[in-house]
Amino acid sequence: MKKILYLMIVLLSFSLFSQNVEASSGKISVSSSSTVVVGNTLTVTVTLSSSTALGAWEFDINYDSSYLRLTSSTAENNGTYFVNYGNGSMKSKTYTLKFKALKSGSTNITVGSYDVYDWNEDSMSITKSNKKVTLMTQEELEASYSKDNNLKDLSVTVGEETYELTPAFDRDTLEYNVTVPTGTTLVNINATRNDSTATVDGDGEIEVTEGLNTIPIVVTAQNGDEKTYTLIVNVEDQNPINVSVDGKNYTVVKSDTLLSAPVTFSPTTIQIDGFDIPAFVNDAIGYTLVGLKDEDGNVSLYRYEDGKYTLYNAFSSKSYTLVATSFSKELDYIKTSVEINGVTTDAYQYSENSNLYIINAINLESGKEDLYLYDPASGAAILFDESFIQDTNQTITYYTYVIIAFAGALLLMLILIFILLHSTKKKQKKIKEFIEKQEAKLEATRKLNDVVSEVKKITEVEEKEKDVSPSEVIQVEEIHFQEEPEETVNTSEKQEDENTEIKDEEKEENTKKSKKELKKERKEAKRKAKEEKKLKKEAFFQDEVDATEAKLEDEIKNIDHPVEEDTGVYDIFEDDRKKNKKKK
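Under this note's numbering, the first residue of the sequence shown carries the number 1, and numbering increases by one thereafter.
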């Protein structure tokens, strides 16, 4: 408010004392780029200027806050209102505002109200300029770029003279020819773009040599699209030296304008077909280089020797500058080729999977020809040490033999394991048969023992019968023989009948004999009966034992299968076979 009050007082005082003075003029201008991408920053410059010294001023700037957001300002209040005064010599004042673009569209940044006085306190006549800004997304901006990549005009001049193009220029025709006089080394190419936003590359002053010179002229539109016009400038050569190399036509370059000496070479002049030809020589390796131009106007250096031309293809590898050359002898490796500087060169590989190549090359510094190991990926080359490769191959061979030996030992172990497993199975089979045989024998023995035990029991019973009365013996015999066979029982019944008859007879005789004789006879008869009965029992049990043994022998014969004779270390049935042989 104080500044505004001050300005009003100054304005009133100026009006009192300067009625007859002509008012000075000034300008308030707003400048910025016309286009801004949404999200980016728009920088706006506001300038107050005058042809006389500024006294005091105030003004403001208006903008649409829906499109722009103020992020910084150099105004006195850090906004868009500007008020200040001069120092007696200041004729302009500049402010900088920065906005962030918010959305697509168009908006204006304008000068609002203003009040400006010069240093003499006179009110100034002010003109103002506003700024229109277009806000776009990146896609919209790129779509708005010009696609025009045409030339509007094309001409060739040498000095002050213009030479006619063939055919006549048309923006849609891309290739032209022009002929210039012998000895021309510079031509001026005038290329006029059709759109001011496009760019042109390849125009201006261009060096040329005798023969054909191909000059590309590239026009790039604002959106990045390119179009290439080709201008072939033929510098007349009254006596061209034409040569053929690998089926292609060339002309020998007679001017050194486009030639430059390679490393380790020095310039010289040689005679070819009676003409002085610029050349380069390296005495260390005995190379002489000349320039050849192809039909497209490209110039390259070739080695010249006895009227023959060979492409010079040198490359640098750290401490070496090498020239690839052909092999003097065949190598015991895989023959192939490799591309060096765009030129295919004979090479070898020590394995198909290797990324390194063996080349034959001459060192330009030493002039010595050697084998080098070349890496196409890095362009590096080192001396090829064949002994290292041999040692490596020997090491690989050694480890190969070790692996083969290990594999053989492993295979042998597997075979032995298989044999052992097979033998074990065979042994287990024999053991199983042996166990079955022994189990059969044990079973037969058990049965035989049962019979023997039964016989012993019967024998013990008979021994006890010696001490018992005849009636007890008869009772025991009746109990024991309840389990005898049917034939034995019938025999006993017959015997009892006979005994009964004998007893009846004895009773009749007993009545006649004395008691003493009767007692003696009874005793004798009893003894004979016991012996007869004992013999019958022994005969019966002997028959049972014989029958059981015969049955057991039959069972053993059925179980005891003959075993083939085996001389191996696992024969566990040898003793049984010997016993069988003895029995036979």
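C-beta: ideal position from N, C-alpha, C; glycine also.
All of these numbers come straight from a predicted model, not from anything done at the bench.
Helix or strand or just coil, what does DSSP make of GLN482?
Reliability fails at GLN482, whose pLDDT of 40 lies under 50, so the model's placement of it is uncertain and the value that follows must be treated cautiously. Looking at GLN482 - three-state DSSP - the assignment turns out to be helix.
Kindly indicate which three-state DSSP category ALA407 falls into: helix, strand or coil?
DSSP places ALA407 in helix when its eight states are reduced to three.
Can we count GLY379 as close to the ligand MN, meaning its CB is less than 7 Å from some heavy atom?
For the ligand MN, the structure offers nothing, since it holds no ligand at all.
Status (buried if at least 16 other CB within 10 Å, exposed otherwise) for SER50:
Buried, by the Cβ-count rule.
Going by the DSSP bridge assignment, what does VAL235 pair with across the sheet?
Beta-bridge partners assigned by DSSP to VAL235: VAL180, GLY211.
Unbroken beta strand (DSSP E) run spanning SER144, endpoints:
From DSSP, SER144 is part of no beta strand (DSSP E) but of the alpha helix (DSSP H) over 138–144.
Who are the Cβ neighbours of LYS103 in its own chain at under 7 Å, not counting the five residues just before and after it?
Answer for LYS103: VAL38, TYR67, LEU135, listed in chain order.
Tell me which residues share the same chain as GLU478 and place their Cβ nearer than 7 Å to its Cβ, disregarding the 5 neighbours each side in the sequence.
For GLU478, the pLDDT reaches just 40, beneath the cut-off of 50, and the residue's location in the model is therefore unreliable, although a value from the coordinates is still provided. Correct list: empty, nothing qualifies.
Let me see if you follow: with CB-CB separation under 8 Å, is ARG303 close to chain C or not?
Annotation note: the requested chain C is absent from the structure, which comprises a single protein chain.
Does the Cβ-Cβ distance between THR184 and VAL252 come in under 8 Å?
Not in contact: THR184 and VAL252 (Cβ atoms no closer than 8 Å).
Could you have a look at THR488 and say whether DSSP puts it in helix, strand or coil?
Summary for THR488: the model assigns pLDDT 44, below 50, so the residue's position carries little reliability; its value from the coordinates is reported in the next sentence. Three-state DSSP puts THR488 in a helix.
Does the count of Cβ pairs from the segment 318–327 and the segment 266–278 closer than 8 Å reach three?
No, the segment 318–327 does not touch the segment 266–278.
Could you tell me whether the segment 191–205 touches the segment 252–267, where touching means 3 or more Cβ pairs closer than 8 Å?
Touching, no, given that fewer than three Cβ pairs across the two stretches are closer than 8 Å.
What did DSSP end up calling TYR81 once you bin it into helix, strand or coil?
DSSP places TYR81 in strand when its eight states are reduced to three.
Look at the Cβ atom of LEU186, then the Cβ atom of GLU205, and state whether they are nearer than 8 Å.
Closer than 8 Å, so yes.
Exposure label - TYR229; buried when at least 16 CB within 10 Å
TYR229 should be labelled buried.
Strand pairing of ASN62, partner residues [DSSP]
According to the DSSP secondary-structure assignment, ASN62 is paired through a beta bridge with THR110.
Between THR593 and the rest of its own chain, which residues show a CB-CB distance below 6 Å, the 5 nearest in sequence each way excluded?
The chain is shown from 1 up to 584; residue 593 falls before or after that span and cannot be answered.
Separation of LYS147 from ALA191, as counted between CA atoms
The alpha-carbon atoms of ALA191 and LYS147 are separated by roughly 18 Å.
Exposure of LEU364, with buried meaning 16 or more beta-carbon neighbours within 10 Å
Under this definition LEU364 is a buried residue.
Counting only the same chain and skipping the five closest in sequence on each side, list residues whose C-beta sits under 8 Å from that of PRO376.
Non-local beta-carbon contacts of PRO376 in its own chain, meaning distances under 8 Å to residues more than five positions away in sequence, involve VAL338, GLU339, ILE340, ASN355, TYR357 in chain order.
Measure the alpha-carbon distance for ALA409 versus THR397 and round it to whole angstroms.
When rounded, the distance between both Cα atoms is 18 Å.
Chain-order list of residues whose beta-carbon lies under 6 Å from that of PRO240 (same chain, five-residue window excluded)
Excluding positions up to five away in sequence, the list reads THR251.
Please return the same chain residues whose Cβ sits closer than 7 Å to the Cβ of ASP306, not counting the five positions on each side in sequence.
Within the same chain, and ignoring the five residues on either side of ASP306 in sequence, no residue has its Cβ closer than 7 Å to its Cβ.
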